[in-house]
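A quick write-up on the structure given underneath.
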Amino acid sequence: MYEFTTLGWLKHVIFHPVEGFEDLRWKKQGSLKLSMLIVLLLFIEMVAERRLMGFQFNMAYTKVFNVVPLLVQSVVYFFTWVIGNWALCTLFDGEGTLKKICIYSAYALVPYIVCGFISVFFSNFLVQDEAIWVNAIYYLGIGWSVVLMIQAMKACHQYTFTKTIISMIFTLVAMLLILFLAILLLSLFQQLYVFGYSIYTEIAYRIRG
209 MYEFTTLGWL KHVIFHPVEG FEDLRWKKQG SLKLSMLIVL LLFIEMVAER RLMGFQFNMA
269 YTKVFNVVPL LVQSVVYFFT WVIGNWALCT LFDGEGTLKK ICIYSAYALV PYIVCGFISV
329 FFSNFLVQDE AIWVNAIYYL GIGWSVVLMI QAMKACHQYT FTKTIISMIF TLVAMLLILF
389 LAILLLSLFQ QLYVFGYSIY TEIAYRIRG
């Protein structure tokens, strides 16, 4: 077995995912604080992609910038994935804990984040005819992170490859259900607030009258 620093373990799992996540599990390593930092960097990367991407490559640029959708697409989606996967691991006899799922999932996102920042940087120097390089870097990050995520969930829960893929698909379904229920609850609370406020306004009006 290897002995690494916190960042050393991160580098180990990124460049040696097959044995890296297994070593991470058996050595009981992984930093929750570093994982939270990675999630924060995911959010920052998405903001940079919307605001700092070269104008020739930025199809999503708007004059009025709203940070809420990016917060949902990064932080909310990540924690929904963690909760959904943790909820399903009991059905699939998984061995992963909520903390391990959070750490391993965050570590798997690092190539996507790094390649995202690199593509944003180069987009400000390349011309439209060289867009293939920006896209290649971006999709390299996505592919690399997908491979890492599969291996991370496989090591975390001690699944076979097939069972890992199935559990990840069901996790995506669970995410949709969680987000749907969350939207329903928010809508319900909003309606209750409006109803309560209207009653308060009516009572206050009658008292003053």
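Heads up: the sequence shown runs through residues 209 to 417, numbered per our numbering.
Yeah, the Cβ is synthetic: ideal placement off N, Cα and C, and Gly gets one too.
C-beta atoms of P225 and V318 nearer than 8 Å: no
Reduced DSSP category for G292 - H, G, I as helix; E, B as strand; rest coil: Looking at G292 - three-state DSSP - the assignment turns out to be helix.
Terminal residues of the alpha helix (DSSP H) in which F229 lies: 225-234
Beta-carbon spacing of E253, I321 below 8 Å: Contact annotation: E253 and I321 have beta-carbon atoms nearer than 8 Å.
Touching by the beta-carbon criterion (3+ pairs, under 8 Å), the stretch 274-284 and the stretch 343-359: no
Residue interval of the alpha helix (DSSP H) (run including I367): According to the sequence provided, residue 367 is Tyr. The question's Ile does not apply to it. That residue, Y367, is in no alpha helix (DSSP H); it is neither H nor E in DSSP.
Sub-8 Å separation of L242 and T213 beta-carbons: no
First and last residue of the uninterrupted alpha helix (DSSP H) at G324: Annotation for G324: the continuous alpha helix (DSSP H) segment containing it runs 318-331.
Cutoff 6 Å; reference I345; Cβ partners in own chain excluding five residues on either side: Here the set comprises C323, I326, S327.
Candidates S313, S375, L334, L389: closest to A360 by CA position: Answer by Cα proximity: S313.
T214 in three-state terms, based on DSSP: Looking at T214 - three-state DSSP - the assignment turns out to be helix.
The alpha helix (DSSP H) enclosing S243, as first and last residue numbers: Bounds of the alpha helix (DSSP H) holding S243 are 240-259.
For D301, the three-state DSSP class (helix, strand or coil): Collapsing the DSSP output to three states places D301 in coil.
Sub-8 Å separation of E303 and H220 beta-carbons: Using a Cβ distance threshold of 8 Å, E303 and H220 do not count as a contacting pair.
Three or more C-beta pairs below 8 Å linking the stretch 334-343 and the stretch 286-306: no
Through-space distance from L396 to T305, alpha-carbon basis: 32 Å
Buried versus exposed, by CB contacts within 10 Å (16 or more), I309: buried
M376, buried or exposed, once every other Cβ within 10 Å from all chains shown has been counted against 16: Label assigned to M376: buried.
Inter-residue Cα distance where the pair is D231 and E211: 10 Å
N- and C-terminal bounds of the alpha helix (DSSP H) containing L279: Taken as a continuous stretch (DSSP letters only), the alpha helix (DSSP H) holding L279 covers 276-279.
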